[in-house]
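K.L.:
Be aware that the sequence shown starts at 84, since it is given in the numbering used here, and climbs by one per residue. Every residue, glycine too, gets a C-beta built ideally from N, C-alpha and C. Structure provided below as C-alpha cells; questions to follow.
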Amino acid sequence: MNLSPTAGNTTPQLGFEFSSLGTTPVGVNKCGSTSISDLDLPSTTDFEVGDALSRMIVDDRVLHMGITNWRELLDRAISLGHTELYPSEDGRQGLRTPGFRFGPIHRLPEQGPEYVLQTVNRQRMQAALASGVPLKSGRVAVDDVMKVDLVITGDGMQLGLFNGRKSVGTLPLAFDAIPLPGHCGAGGQDFVGSSLMTMLSNAFPETDAPLMHRATVAAYAQILKGLGGGGAK
Numbered sequence: 084m085n086l087s088p089t090a091g092n093t094t095p096q097l098g099f100e101f102s103s104l105g106t107t108p109v110g111v112n113k114c115g116s117t118s119i120s121d122l123d124l125p126s127t128t129d130f131e132v133g134d135a136l137s138r139m140i141v142d143d144r145v146l147h148m149g150i151t152n153w154r155e156l157l158d159r160a161i162s163l164g165h166t167e168l169y170p171s172e173d174g175r176q177g178l179r180t181p182g183f184r185f186g187p188i189h190r191l192p193e194q195g196p197e198y199v200l201q202t203v204n205r206q207r208m209q210a211a212l213a214s215g216v217p218l219k220s221g222r223v224a225v226d227d228v229m230k231v232d233l234v235i236t237g238d239g240m241q242l243g244l245f246n247g248r249k250s251v252g253t254l255p256l257a258f259d260a261i262p263l264p265g266h267c268g269a270g271g272q273d274f275v276g277s278s279l280m281t282m283l284s285n286a287f288p289e290t291d292a293p294l295m296h297r298a299t300v301a302a303y304a305q306i307l308k309g310l311g312g313g314g315a316k
C-alpha cells in the first residue's frame, strides 16, 4: 500500500500494488485425490525439464513451502527422501518415500517424473563415486570384434566403442542427458539400454543396431549393479 498526496489535497490517497501472479496459472499441491488439475499445467515444451518446472508456479500446502515453483518443490521433496514414483490418478504419477503407500505429492506435472529420475539417479551416481564405488561396465562384446564400454565420471557418462583393443570413439553425456524413462514400473533398464544404443548407432553408423542394443543393455545393467540394484524408483 502506498500513501500518495494529490495536488491541492493533503488527504492521503490509497494506492494498491497487485502481484503479477494474478495472471499466472498456479497449480496446487495439497492432500487428497485431486491435488492439481490439467488447467494448472501451462505448456513449457520449449524448455529443458528443469527449466520448464522452474517456470511453473505451484501453491504447496503439504510441505508448507507456500507459493514456489515445481522445481523447488521437487528438490525439497527429494531432499526429504521422497524418491519413488508411483501410479496416481488419471494416468499421472505421484512421489513418495520408498515403502510408503502415498507421498506428499499426489499428482506430478507432466515433466515431473523425468526430473525426479534425473535428479535421483545423478545424486546416487555422484554419491557412489564419492564413496569410492567404481561405476564401470567393463568392455561388453557387441560382436566378435566390437565392444561397448560405459563409465560414470564426475561429469556424467562416457560411452565408449572399441574395435578389438582400439578405441573407435567416445560419446560423453552429462548426467541430465542420460536417457531415463518418464514413468515408473518395469522396463527402465531396457529403455536406457535402447536409448544409449540409438545414440551410439547415430554417432557410429557402421555398428550393427540389434547387437549394439544387447550390449548396451548388458553394460547399463553393470552400472546398476554398482549402484546396488537399480536407479530411481
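(1) Spatial neighbours of D226 within its chain, please: C-beta separation below 7 angstroms, excluding the five flanking residues on both sides.
(2) With a 10 Å radius around its C-beta and 16 neighbouring C-beta atoms as the bar for buried, classify L233 as buried or exposed.
(3) Excluding the five sequence neighbours on either side, which residues of its own chain have a C-beta within less than 7 angstroms of the C-beta of V216, listed in chain order?
(4) Using a Cβ-Cβ cut-off of 8 angstroms (strictly less than) and excluding sequence neighbours within five positions of H74, which residues of its own chain qualify?
(5) Buried or exposed for F245, please, with buried defined as at least 16 other CB atoms from any protein chain shown within 10 angstroms of its CB.
(6) Measuring CB to CB, does L307 end up less than 8 angstroms from Q272?
(7) Residues in the same chain with beta-carbon distance under 7 angstroms from A211, minus the five sequence neighbours each way, listed in chain order, please.
(8) So what's L263 in DSSP terms, helix, strand or just coil?
(9) Please classify E172: is it buried, with 16 or more other beta-carbons within 10 angstroms of its beta-carbon, or exposed?
(10) Name, in chain order, the residues that DSSP records as bridge partners for N112.
(11) Residues in the same chain with beta-carbon distance under 6 angstroms from A301, minus the five sequence neighbours each way, listed in chain order, please.
(12) With distances taken from CA atoms, which of L242, T166, G164 is nearest T299?
P.N.:
Let's see:
(1) Taking the sequence shown and counting its residues from 1, the one referred to as residue 226 is at position 143. Result list for D226: D291, L294, in chain order.
(2) Locating residue 233 in the sequence shown gives position 150, counting from the first residue. Answer is buried; the Cβ neighbour count reaches 16.
(3) Numbered from 1 along the sequence shown, position 133 holds the residue referred to as residue 216. Cβ within range, chain order: G309.
(4) There is simply no residue 74 to check, as the chain begins at 84 and stops at 316 in what is shown.
(5) Looking up residue 245 in the sequence shown gives position 162. Buried: at least 16 other Cβ atoms inside 10 Å.
(6) Mapped onto the sequence shown, residue 307 falls at position 224. Mapped onto the sequence shown, residue 272 falls at position 189. Yes, the pair counts as a contact, with Cβ atoms nearer than the cut-off.
(7) Here residue 211 refers to the residue found at position 128 of the sequence shown. Excluding sequence neighbours, A211 sits near L218, G309, L310.
(8) Counting from one through the sequence shown, the residue named residue 263 turns up at place 180. L263: coil per DSSP, three-state reduction.
(9) By one-based count along the sequence shown, residue 172 stands at place 89. Result: exposed.
(10) Taking the sequence shown and counting its residues from 1, the one referred to as residue 112 is at position 29. In the DSSP output, where bridge partners are listed per residue, N112 has D143.
(11) Position 218 of the sequence shown, counted from the start, is the residue given in the question as residue 301. V223, listed in sequence order.
(12) Taking the first residue of the sequence shown as position 1, residue 299 is located at position 216. Nearest of L242, T166, G164 to T299, Cα basis: L242.
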